[in-house]
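A.B. asks: Protein chains in written order, with our numbering: chain A, 33 to 366; chain B, 33 to 366; chain C, 33 to 366; chain D, 33 to 366.
Glycine included, C-beta positions come from ideal geometry on N, C-alpha and C.
Because the structure is a prediction, the values reported are computed rather than measured.
Can you keep this structure in mind? I'll have questions shortly.
4 protein chains.
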Amino acid sequence: MIIVMERNAPESQIRQVEQKLQDKGFQVHLSQGVERTIIGAIGERTQAIMEAFETMGGVEKVVPIVQPFKMASREFKSESTVVKVGDGWVGDGSMQVIAGPCAVEGREKFLEVAQMVKDAGATMLRGGAFKPRTSPYSFQGLEEEGLEILAEAKRITGLPVVSEIMDPRMIQMMCDYVDVLQVGARNMQNFFLLRELGKCDKPILLKRGPSATIEEWIMAAEYIISSGNPRVIMCERGIRTFEKYTRNTLDLSAVPVIKQLTHLPVIVDPSHGTGKWKLVEPMALAAVGAGCDGLIVEVHQNPSEALSDGPQSLTPDNFKLMVEKVTRLSAAMN
Amino acid sequence: MIIVMERNAPESQIRQVEQKLQDKGFQVHLSQGVERTIIGAIGERTQAIMEAFETMGGVEKVVPIVQPFKMASREFKSESTVVKVGDGWVGDGSMQVIAGPCAVEGREKFLEVAQMVKDAGATMLRGGAFKPRTSPYSFQGLEEEGLEILAEAKRITGLPVVSEIMDPRMIQMMCDYVDVLQVGARNMQNFFLLRELGKCDKPILLKRGPSATIEEWIMAAEYIISSGNPRVIMCERGIRTFEKYTRNTLDLSAVPVIKQLTHLPVIVDPSHGTGKWKLVEPMALAAVGAGCDGLIVEVHQNPSEALSDGPQSLTPDNFKLMVEKVTRLSAAMN
Amino acid sequence: MIIVMERNAPESQIRQVEQKLQDKGFQVHLSQGVERTIIGAIGERTQAIMEAFETMGGVEKVVPIVQPFKMASREFKSESTVVKVGDGWVGDGSMQVIAGPCAVEGREKFLEVAQMVKDAGATMLRGGAFKPRTSPYSFQGLEEEGLEILAEAKRITGLPVVSEIMDPRMIQMMCDYVDVLQVGARNMQNFFLLRELGKCDKPILLKRGPSATIEEWIMAAEYIISSGNPRVIMCERGIRTFEKYTRNTLDLSAVPVIKQLTHLPVIVDPSHGTGKWKLVEPMALAAVGAGCDGLIVEVHQNPSEALSDGPQSLTPDNFKLMVEKVTRLSAAMN
Amino acid sequence: MIIVMERNAPESQIRQVEQKLQDKGFQVHLSQGVERTIIGAIGERTQAIMEAFETMGGVEKVVPIVQPFKMASREFKSESTVVKVGDGWVGDGSMQVIAGPCAVEGREKFLEVAQMVKDAGATMLRGGAFKPRTSPYSFQGLEEEGLEILAEAKRITGLPVVSEIMDPRMIQMMCDYVDVLQVGARNMQNFFLLRELGKCDKPILLKRGPSATIEEWIMAAEYIISSGNPRVIMCERGIRTFEKYTRNTLDLSAVPVIKQLTHLPVIVDPSHGTGKWKLVEPMALAAVGAGCDGLIVEVHQNPSEALSDGPQSLTPDNFKLMVEKVTRLSAAMN
């Protein structure tokens with residue numbers, strides 16, 4: 033890190049900073065200009081250490097130099113991580129298409145749509161059994177019954193299933209039913225949950241929080257990886273901005289950024305990212321152009337009867353058309 | 033709610049919407065213009081119902097009319113809620129000042145600062161035993177040992193204590209030690225946690241999430257209240273914007289908005305709201321001007337040695353000056 | 033528009049609103065529920081009229097129903113607008129690639145890079161003669177000398193040229209030199225400028241302001257079109273968000289949204305949209321996937337010597353690779 | 033500035049950066065760590081110079097050290113600037129209250145409200161003659177006729193008048209009528225306008241752009257000051273965020289930040305900052321608490337008949353109540 037001293041900070045304050053740096057094991061380099069002194073400090077810095085210097089007398093600011101994440105970074109591991117899910121691989125150059133309704137609403141309906149999305153080209157199933165809802169009066173999911181339906185759909189279609197985990201107490205139970213545990217956007221910084229997911233042996237689909245910087249998102253992955261589970265799949269699902277025409281603003285530049293800064297695979301959710309089904313296909317194609325490893329898309333037989341997220345759900349027919357175009361574009365990318 | 037049909041939507045689609053509204057128990061009012069039909073629907077709407085209509089053929093958009101929160105609203109309960117904490121009251125016109133370090137870092141240091149803030153005029157103590165940290169490599173709190181120190185400080189100073197709850201599994205334990213359970217900004221939409229806090233008998237300090245709209249924040253309070261606990265204190269602590277000079281942008285307009293829309297008390301955190309101790313005093317005074325019921329402020333004997341949030345912590349001396357000014361301004365407000 | 037009355041607003045207030053609506057020529061439809069009355073008003077509404085009702089006694093809120101733009105809307109003109117520039121067309125299904133340095137820095141350098149981008153496949157040239165710079169101490173452009181160089185490059189390469197207009201007093205002069213006048217992001221709501229551009233006979237490239245909603249951006253186009261110039265090309269160039277890793281957040285969902293709401297062509301600027309040359313190619317490809325009509329890209333022979341925007345400029349070699357991939361993807365889209 | 037080299041950047045690249053720095057007149061300080069080299073460069077940096085280094089081989093990033101503004105900074109001039117307007121002073125510890133309708137709508141109405149706000153305690157008049165409106169179909173102001181009315185109101189009440197300038201061509205004319213020229217939020221980065229205002233001899237009220245960082249806002253002031261006019265009054269009027277309950281988010285922390293970074297006076301606009309008259313008084317009081325030098329508030333005899341911004345306008349009676357509380361709080365602050 034770099035410590036910038038205030039203009040004309042007295043020699044004594046510079047010495048204090050220097051001394052404290054040495055006490056904490058940093059190598060120190062002083063650059064003394066006419067008006068201002070800048071101190072380069074090389075060593076292991078943490079947030080707390082940076083803050084400690086920021087509050088010392090005569091210090092104007094402290095500038096971090098290296099990124100705070102380690103195990104998730106390309107510098108730490110230069111080859112891309114490929115995550116095995118069922119018989120397939122995420123991040124190996126293939127285009128994964130995860131599809132299904134927002135919530136599992138009932139056995140027959142789910143088994144039907146599962147078959148439909150499989151026939152249309154989906155490679156994994158999605159469906160929520162526990163639903164985080166803004167209102168306590170909204171449908172909250174079928175809970176364990178929903179997980180049983182997911183497992184049955186998996187047996188029938190052969191497709192691996194993805195479902196959201198909301199509470200550390202449910203990890204054990206969910207691992208019995210699903211192939212990939214999804215961390216929802218609202219839980220991206222539920223650090224107790226992240227740490228315990230680091231101890232389980234399932235791949236984790238880590239959605240970006242609606243106001244999380246890319247750096248904070250990678251730090252959430254770092255929690256999981258540093259706790260023992262390296263099988264993290266990043267998922268961009270839109271950030272919160274002033275624009276209200278779309279539900280969120282899908283930040284597709286996050287795709288190449290994650291690829292450059294980390295070794296992790298990254299997929300895109302154009303359904304939550306836009307909130308409008310008419311925008312799902314164009315943004316799915318845009319995500320392919322940006323270089324993603326997969327898509328996660330909401331599909332419902334009858335969006336106007338969906339218990340949640342109907343407006344952003346594709347019909348199975350529209351989903352089929354989307355998959356055809358995604359496949360064509362994906363081929364042109366390679 | 034109001035359903036706006038597309039320009040020149042055919043009669044048949046209008047009939048379908050009308051029929052479905054009646055099936056769901058709504059009273060229907062049609063306004064047919066030359067080019068466009070608008071349908072007023074009066075009844076109990078939920079998010080899912082709105083979405084259901086949004087996806088029907090011929091529908092351009094669905095506009096909600098009434099606010100989604102009920103028990104938290106002024107319409108539901110017109111007199112202001114006053115929350116008893118220790119021997120004091122939050123929301124009764126008094127100015128509560130909650131102070132202490134970001135994290136409990138050790139017994140002696142905490143007992144010392146607790147006495148200092150009491151002498152300076154604090155009415156409650158704060159201190160984190162479990163710390164949500166962006167990095168897995170940062171100090172995560174003293175955990176139960178920290179709670180014991182808090183309880184000891186309470187015995188000595190007589191001040192009630194506030195501390196953050198991060199996981200539903202710890203509610204029971206924390207209730208043995210603290211007077212107010214704080215829900216941190218990152219957990220504002222941890223719905224499992226909110227629901228279980230609704231079943232405990234302690235007041236809840238509910239921080240606004242960094243990207244939560246005021247409506248979502250009130251809905252989080254609604255989760256707690258509708259689960260059985262009406263003792264909710266709202267806390268504005270800054271939202272995430274493009275401005276980077278301050279850590280967050282303290283949205284003080286939330287204070288009068290909460291007062292107008294709900295019956296709940298609201299306090300302000302100028303420490304997290306700005307991230308810089310030089311801004312804490314002016315923003316505390318601004319919060320008083322905005323009409324808040326209290327402040328929560330980080331104070332540390334030696335901010336440059338703090339294990340977290342040093343740059344935004346006041347020294348006990350600066351805190352004392354702040355309390356004096358707050359008291360003077362508060363008197364001028366009444 | 034719809035006027036929602038407050039819960040239990042007295043009959044007299046409802047009558048006043050009704051009367052005022054009729055006075056202003058609106059057709060009125062009352063929906064009286066048990067607790068609340070909703071008034072549908074059909075007629076020509078403006079912002080001022082909406083605000084007038086919003087402040088009347090007993091009114092809770094006024095909800096607009098129809099979009100405020102007219103001549104730019106798909107409802108007004110259903111076929112897509114195609115804008116002729118030189119011998120080419122923007123919006124006819126072709127992929128336009130506009131390239132060149134941020135600023136015209138000198139005659140020889142510009143003529144050289146103009147030839148390079150032409151050889152690599154560019155269909156138009158770009159280069160700033162007047163530069164809006166955050167700092168008064170930064171390079172502000174070669175002004176009229178720069179325009180002369182642009183005109184010379186046009187004569188030599190045969191490519192049309194695009195350059196930014198910053199002041200209404202320069203429209204006349206710039207029209208003598210350039211083919212397309214660009215309105216920069218900072219001037220998107222310079223209404224005097226927009227109105228005067230409505231009176232000139234050149235196509236206008238209208239960049240989205242960094243904090244403009246899609247609706248405000250279309251309203252800016254409406255200013256130009258309603259003043260007499262229908263040849264408007266929209267350009268998405270990123271919006272300002274909390275994310276700081278990229279210079280802006282490129283909002284690619286704006287591409288399909290503009291296509292759905294308006295009849296205007298839309299191009300994308302991945303250089304300003306990201307601020308980092310390593311992200312330009314992936315985001316250019318993403319823009320093609322989103323369905324844009326063209327790209328505008330910064331290219332410089334030697335980005336580290338550029339007088340502005342070096343970090344986001346491609347070298348001619350990298351630009352050539354990008355054009356090849358854009359062409360391949362664009363073919364797969366059709 | 034500081035140049036951070038990539039991990040393991042070869043010696044040759046480090047030498048190139050060093051050489052180029054010396055060529056540009058910088059003093060160079062190398063800090064060579066085990067894995068990474070950091071280069072401190074002391075000298076006059078500009079945006080272009082920073083970008084030049086950012087694109088060189090082996091450079092990871094360039095970190096600015098000193099703020100880009102000079103003449104506006106406290107470092108340049110430590111005593112606070114006091115701006116004379118009429119017989120009063122802005123920034124001398126007094127509380128200026130500027131009031132009047134959004135737009136001058138007619139002679140009699142304006143003269144009437146001018147007298148009313150004077151009687152209630154206003155120290156300056158405001159009123160727009162040229163109105164920047166999002167829609168080309170909205171009322172655009174009375175133009176020169178409006179200025180004549182402003183001048184007449186000034187003669188009658190003795191209060192100085194403030195009005196918005198939108199185009200450099202009108203500076204001369206406006207200076208004949210008004211005492212303070214206001215730069216609106218949408219024109220904060222209209223650099224041609226700023227430069228020409230630097231050549232006129234009237235005080236400039238510089239509103240912050242809705243998506244301008246504090247640094248960009250100060251740079252806009254720097255344009256005016258460096259062009260010759262040091263009489264700049266800053267005005268915070270809210271920034272654009274995701275929150276939609278208020279029209280903008282009033283960033284009151286900007287008040288102490290401007291006071292700390294610059295020597296300029298700063299006032300606050302709670303009318304545009306909130307968009308709702310019920311929030312104007314609490315936010316005006318909050319602004320006083322934050323330490324502002326004045327307020328600018330919209331007042332209209334009959335807000336429901338206002339041609340613009342009715343919902344955020346106070347009635348003269350409410351304005352009078354506000355001034356009384358502002359005066360009381362302001363006294364308690366000193």
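State the Cα-Cα distance for the pair R201 of chain D and V355 of chain D, rounded to the nearest angstrom.
C.D. replies: 36 Å
A.B. asks: What does Q292 of chain A touch in chain C if you count any residue whose Cβ is under 7 Å from its own?
C.D. replies: K310
A.B. asks: Helix, strand or coil for A135 of chain D? Go by DSSP, reduced to three states.
C.D. replies: Residue state, collapsed to three classes: strand.
A.B. asks: For G153 of chain D, which residues in the same chain have their Cβ closer than 8 Å to its Cβ, ignoring the five residues on either side in sequence?
C.D. replies: V129, K352, V355, E356 and T359
A.B. asks: Report yes if the CB atom of V264 of chain C is closer than 9 Å to the CB atom of L296 of chain C, and no otherwise.
C.D. replies: yes
A.B. asks: At what residues does the alpha helix (DSSP H) containing T306 of chain B begin and finish?
C.D. replies: P302 to T306
A.B. asks: Compare the C-beta of L339 of chain A with all C-beta atoms of chain B and state if any pair is closer than 9 Å.
C.D. replies: yes
A.B. asks: Taking 9 Å as the CB-CB cut-off, is R351 of chain B touching chain D?
C.D. replies: Before going further, note that residue 351 of chain B is Phe rather than Arg in the sequence given. With 9 Å as the cut-off, F351 of chain B does not count as an interface residue toward chain D.
A.B. asks: Where do the N-terminal and C-terminal ends of the beta strand (DSSP E) with V60 of chain C fall, by residue?
C.D. replies: Q59 to Q64
A.B. asks: Could you give the C-beta distance for L179 of chain D and S167 of chain D, rounded to a whole number, given that I count them as a contact under 8 Å?
C.D. replies: Incorrect: roughly 23 Å between the Cβ atoms, too far for contact.
A.B. asks: Look at the alpha carbon of V60 of chain D and the alpha carbon of H61 of chain A, and state the distance between them as a whole number of angstroms.
C.D. replies: 12 Å
A.B. asks: Against chain B, does I68 of chain C count as a neighbour if the rule is that its beta carbon must be under 9 Å from one of theirs?
C.D. replies: Looking at the sequence provided, one finds Arg at residue 68 of chain C rather than Ile. Yes, its Cβ sits closer than 9 Å to a Cβ of chain B.
A.B. asks: Closer than 8 Å, Cβ to Cβ, to anything on chain C: give me those residues from the region 264-278 of chain A, in chain order.
C.D. replies: Against chain C - using a Cβ distance shorter than 8 Å - the residues of the region 264-278 of chain A are I271, T273, F274, E275, K276, Y277 and T278.
A.B. asks: Interface residues of chain C around R201 of chain D at Cβ under 8 Å?
C.D. replies: P200 and R201
A.B. asks: Decide if E144 of chain A is buried, meaning its Cβ has at least 16 other Cβ atoms within 10 Å, or exposed.
C.D. replies: exposed
A.B. asks: So, E92 of chain C versus A41 of chain C, is the Cβ gap smaller than 9 Å?
C.D. replies: Taking 9 Å as the cut-off, the Cβ atoms of E92 of chain C and A41 of chain C count as close.
A.B. asks: How many Å lie between T69 of chain D and V95 of chain A at the Cα?
C.D. replies: 15 Å
A.B. asks: First and last residue of the alpha helix (DSSP H) that includes G321 of chain B?
C.D. replies: Start and end: W309 to A322.
A.B. asks: Tell me the rounded alpha-carbon separation between I250 of chain A and F171 of chain A.
C.D. replies: About 31 Å.
A.B. asks: How big is the Cα-Cα spacing for I71 of chain C and C267 of chain B?
C.D. replies: 36 Å
A.B. asks: State yes or no: is the beta carbon of L284 of chain D nearer than 9 Å to at least one beta carbon in chain F?
C.D. replies: The structure shown contains no chain F; the protein chains it does contain are A, B, C and D.
A.B. asks: So, is M205 of chain A buried or exposed, given that buried needs 16 or more other C-beta atoms within 10 angstroms?
C.D. replies: exposed
A.B. asks: When the cut-off is 9 Å and only beta carbons count, does P343 of chain D lie next to chain C?
C.D. replies: Answer yes: the Cβ-Cβ gap between P343 of chain D and chain C drops below 9 Å somewhere.
A.B. asks: So which residues of chain D does S167 of chain B contact, with C-beta pairs closer than 9 Å?
C.D. replies: Near S167 of chain B there are no residues of chain D at all, since even the closest Cβ is about 20 Å away, more than 9 Å.
A.B. asks: Whose C-beta lies closer than 7 Å to the C-beta of I81 of chain D among residues of the same chain, with five residues either side of it excluded?
C.D. replies: K56
A.B. asks: Between the beta-carbon of L191 of chain C and the beta-carbon of L213 of chain C, is there less than 9 Å?
C.D. replies: no
A.B. asks: Which residue from B:E248, B:V122, B:A161 and B:P242 puts its Cα closest to that of Y209 of chain B?
C.D. replies: B:A161
A.B. asks: My output table needs one value for V149 of chain A: the three-state DSSP class, helix, strand or coil.
C.D. replies: helix
A.B. asks: So for R106 of chain A, helix, strand or coil by DSSP?
C.D. replies: coil
A.B. asks: Quick one: grab the DSSP three-state call for R227 of chain C.
C.D. replies: helix
A.B. asks: Name the chain D residues whose beta carbon is nearer than 9 Å to that of M354 of chain B?
C.D. replies: Neighbours of M354 of chain B on chain D: none; closest Cβ ~12 Å, over 9 Å.
A.B. asks: Please classify D151 of chain C as buried or exposed, where buried requires at least 16 neighbouring CB atoms within 10 angstroms.
C.D. replies: exposed
A.B. asks: Which residues in chain D sit within 8 Å of A322 of chain B, going by Cβ to Cβ distance?
C.D. replies: P314, M315, L317, A318 and G321
A.B. asks: With DSSP as the reference, please indicate the residues paired to V287 of chain C in a beta bridge.
C.D. replies: Note: V287 of chain C sits in no beta bridge, so no partner.
A.B. asks: Would you mind stating whether P133 of chain C and E330 of chain C have Cβ atoms separated by less than 9 Å?
C.D. replies: yes
A.B. asks: Does DSSP put G173 of chain A in a helix, a strand or coil?
C.D. replies: coil
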